[in-house]
Every structure is written in C-alpha cells, then in structure tokens.
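J.: The sequence shown lines up with residues 418 to 643 when you count with this note's numbering.
Even for Gly, the Cβ is constructed at its ideal location relative to N, Cα and C.
It should be emphasised that the depicted structure is a prediction, and the values quoted were computed from it without experimental measurement.
I'd like to ask some things about the structure below.
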Amino acid sequence: MSATPVSSDPNWTDGNFVITSSDGVKFKVKEYNLYWASPVFAEAHSRNFSGKEIELTDPELETAAILRLFLTVITTLHLPMDQFKDGDLTTLTNFLFFLRKWDAKQLFPFVLEYIHAAVKGAKLSPLHVFQLGAQIDDVDTCLVALRHTAGYDPWWGPWWTAEDDYRPFNACGWSLRFYKEHKIPAVYLLALNQSMGHSPTHPDGWFKEYLERAKKEEREWANRAW
418 MSATPVSSDP NWTDGNFVIT SSDGVKFKVK EYNLYWASPV FAEAHSRNFS GKEIELTDPE
478 LETAAILRLF LTVITTLHLP MDQFKDGDLT TLTNFLFFLR KWDAKQLFPF VLEYIHAAVK
538 GAKLSPLHVF QLGAQIDDVD TCLVALRHTA GYDPWWGPWW TAEDDYRPFN ACGWSLRFYK
598 EHKIPAVYLL ALNQSMGHSP THPDGWFKEY LERAKKEERE WANRAW
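Dropping the structure here:
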C-alpha cells in the first residue's frame, strides 16, 4: 500500500468497487460502469487484485482529477469542458492518455468530439488544441485546430487578414517558454513549419502530407545502421 494519506472523494461514495488514485483519493463506483468502459479494469481486478479494490500508482495519469473526469464521462456520457483553462490542457491531455492506457477505446473518439466542438466554437484556442493533438499523435485533431483558426480573434476587426488567422501557428513568434512548456513532438513541429512555409493561409491543406513525410523520415532514421 502507498504511504500517501488516503481521503474519500465526497461525491463518489456509492458503489461496490473502490479505486484509490495515485494521489490518495478513494472513489466508490459501481463495477459495471468500470467494466463496460474499460476491459483492462476487469482484467486487472480478476488477475491481480483480491476483492473489489484497485490502488492506482501513475503520478501523472491516475490522479484524482483524471479519475473524476473518467467517472463523470462513464456515468453521465458528458464531458464538462468549462473546467479546462485555455492554455493549460495538461489534465485533458493526460485524461486521453489515461483512456489509452486503460483501453477505453469507445470513449476516445467521444472525448475528442467535445474537444473538436470546443475549438470550432472558439472555446479553446486552436494552437493549444493543436498541441494536444500532437502530443496524443492524432492528426485529425491537429487538422481541426488548423481549419478553425480563422475567427478565433475577431476583435482584430477589418485589419485581420487570411494570413493573420494563422499567425499563432508561426513558430517564429513563439517564446522560449512556449517551446519548453508545450513540448510539441518534433515530427509535428516540422510538419507545421513546412506547411506554414508552403501555404501561410492554408497550412491545413498540406499538414497531413508533411507529417507523413516526417514520420517516414523518423522511421528510416531509427532503422539506420550505424
């Protein structure tokens, strides 16, 4: 057992299955909700744990914040997007990694639809959603971000041009802090820069092609005999 002090989540107290997050918060849930959402939970219980209790250990992906998102989605089929602060989508990104880790395949596209709708509705910045898509290696999310950049900053008024729409994606204007904190994978950054260089007003039309080239080059480099 972990040395982390354990507390109980006040909103998740009804259920026959107990999950303890990596940061020491205990959740009680109904087992059938877990099992339909993630076969890995069922397998982990049957093979490695006695009773209906699992203690999670991943300090980034299995925190109380991530578990609250997961349990909310599997019990309400709703993702409350208003809790995510634009510019800091770390929790949302880690939630998607959590879904992959626990093989919740049917929930992944469901959550992405919420993210796509948020960027289309100018609720999240296209650049930060692009960053999220790059980190989870989902080219469609990156394309949604690129295609819905126009109009995100309407206050610029009549001086705003088609090329200005994509100015946030011009890496020349990024700060060192942005580079360090947002950690866009190299193949995605290269594809973005090449797409912007090819067509500053329509990089979305070229991004997928440049990304495929970059990934091919990365594979060839990895397989190169030294």
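For the putative contact between Pro602 and Ala551, defined by C-beta atoms under 8 angstroms, what is the C-beta separation to the nearest angstrom?
T.: Residue numbering aside, residue 602 sits at position 185 when the sequence shown is read from its first letter. Residue numbering aside, residue 551 sits at position 134 when the sequence shown is read from its first letter. Confirmed, Cβ separation roughly 5 angstroms.
J.: Which first and last residues belong to the alpha helix (DSSP H) in which Thr437 is found?
T.: Locating residue 437 in the sequence shown gives position 20, where the first residue counts as 1. It is not in any alpha helix (DSSP H) - Thr437 instead sits in the beta strand (DSSP E) that spans 434-437.
J.: Could you tell me if Pro526 is buried or exposed, where buried requires 16 or more neighbouring beta carbons within 10 angstroms of its beta carbon?
T.: Walking along the sequence shown from the start, residue 526 turns up at place 109. Per the 10 Å Cβ criterion, exposed.
J.: Please name the residue in Tyr452, Ile483, Val561, Arg636 whose C-alpha comes closest to that of Lys443.
T.: Residue 443 sits at position 26 when you count from the first residue of the sequence shown. The shortest Cα separation from Lys443 among Tyr452, Ile483, Val561, Arg636 belongs to Ile483.
J.: Using DSSP's beta-bridge definition, name the partner residues of Thr566.
T.: The residue you call residue 566 lines up with position 149 of the sequence shown. Looking at the DSSP assignment, Thr566 forms no beta bridge with any residue, so it has no partner.
J.: Which residue wins for smallest C-alpha separation from Glu472, given the options Leu488, Tyr449, Val435?
T.: Walking along the sequence shown from the start, residue 472 turns up at place 55. Nearest C-alpha to Glu472: Val435.
J.: What's the gap between the Cα of Leu620 and the Cα of Cys559?
T.: Here residue 620 corresponds to residue number 203 of the sequence shown, with the count starting at 1. Here residue 559 corresponds to residue number 142 of the sequence shown, with the count starting at 1. Here residue 620 is Pro; the residue named in the question, Leu, does not match the sequence. For Pro620 and Cys559, the distance between alpha carbons rounds to 11 angstroms.
J.: Rounded to whole angstroms, what's the CA-CA distance from Trp429 to Val446? Just pull it up for me.
T.: The sequence position of residue 429 within the sequence shown is 12, counting from 1. The sequence position of residue 446 within the sequence shown is 29, counting from 1. Computed Cα separation, rounded: 7 angstroms.
J.: Around the C-beta of Glu479, are 16 or more other C-beta atoms found within 10 angstroms, so that it is buried, or is it exposed?
T.: Taking the first residue of the sequence shown as 1, we reach residue 479 at position 62. That one is buried.
J.: Starting from Lys445, trace the beta strand (DSSP E) both ways and give me its first and last residue.
T.: On the sequence shown, residue 445 is found 28 positions in, with the first residue counted as 1. 442-446 is the extent of the beta strand (DSSP E) around Lys445.
J.: Would you identify the three-state DSSP class for Ser644, choosing helix, strand or coil?
T.: What is shown of the chain runs 418 to 643, which leaves residue 644 out entirely.
J.: Considering just the uninterrupted stretch of the beta strand (DSSP E) at Asn610, what are its terminal residues?
T.: On the sequence shown, residue 610 is found 193 positions in, with the first residue counted as 1. Counting along the chain, Asn610 falls outside any beta strand (DSSP E), though it belongs to the alpha helix (DSSP H) covering 603-615.
J.: Are Val556 and Val546 close, meaning C-beta to C-beta below 8 angstroms?
T.: The count along the sequence shown starts at 1 and reaches residue 556 at position 139. The count along the sequence shown starts at 1 and reaches residue 546 at position 129. No, the Cβ-Cβ distance between Val556 and Val546 is not below 8 angstroms.
J.: Go ahead and pull the three-state DSSP assignment for Ile483.
T.: For the purposes of this step, residue 483 is identified with residue 66 of the sequence shown, where counting begins at 1. Helix at Ile483.
J.: Under 7 angstroms from any heavy atom of the ligand FAD, does the C-beta of Ser424 make it?
T.: No copy of the ligand FAD appears in this structure; indeed no ligand is present at all.
J.: Do you know offhand how far Val490's Cα is from Arg641's?
T.: Position 73 of the sequence shown, counted from the first residue, corresponds to residue 490. Position 224 of the sequence shown, counted from the first residue, corresponds to residue 641. One C-alpha to the other measures close to 44 angstroms.
J.: Please say whether Phe487 and Phe458 have beta carbons closer to each other than 8 angstroms?
T.: Locating residue 458 in the sequence shown gives position 41, counting from the first residue. Locating residue 487 in the sequence shown gives position 70, counting from the first residue. No, Cβ-Cβ distance for Phe458 and Phe487 is not below 8 angstroms.
J.: For Asn640, does the three-state DSSP call read helix, strand or coil?
T.: To locate residue 640, count along the sequence shown from 1; it is residue 223. Note: Asn640 maps to coil in three-state DSSP.
J.: To the nearest angstrom, how far is the alpha carbon of Trp577 from that of Arg630?
T.: Stepping through the sequence shown from its first residue, residue 577 is reached at position 160. Stepping through the sequence shown from its first residue, residue 630 is reached at position 213. Confidence in Trp577 is poor, its pLDDT being 39 and thus under 50, which makes the residue's placement too unreliable to answer from.
J.: Classify Asn511 as buried or exposed, calling it buried when 16 or more other Cβ atoms lie within 10 Å of its own Cβ.
T.: Along the sequence shown, one-based indexing puts residue 511 at 94. Buried: at least 16 other Cβ atoms inside 10 Å.
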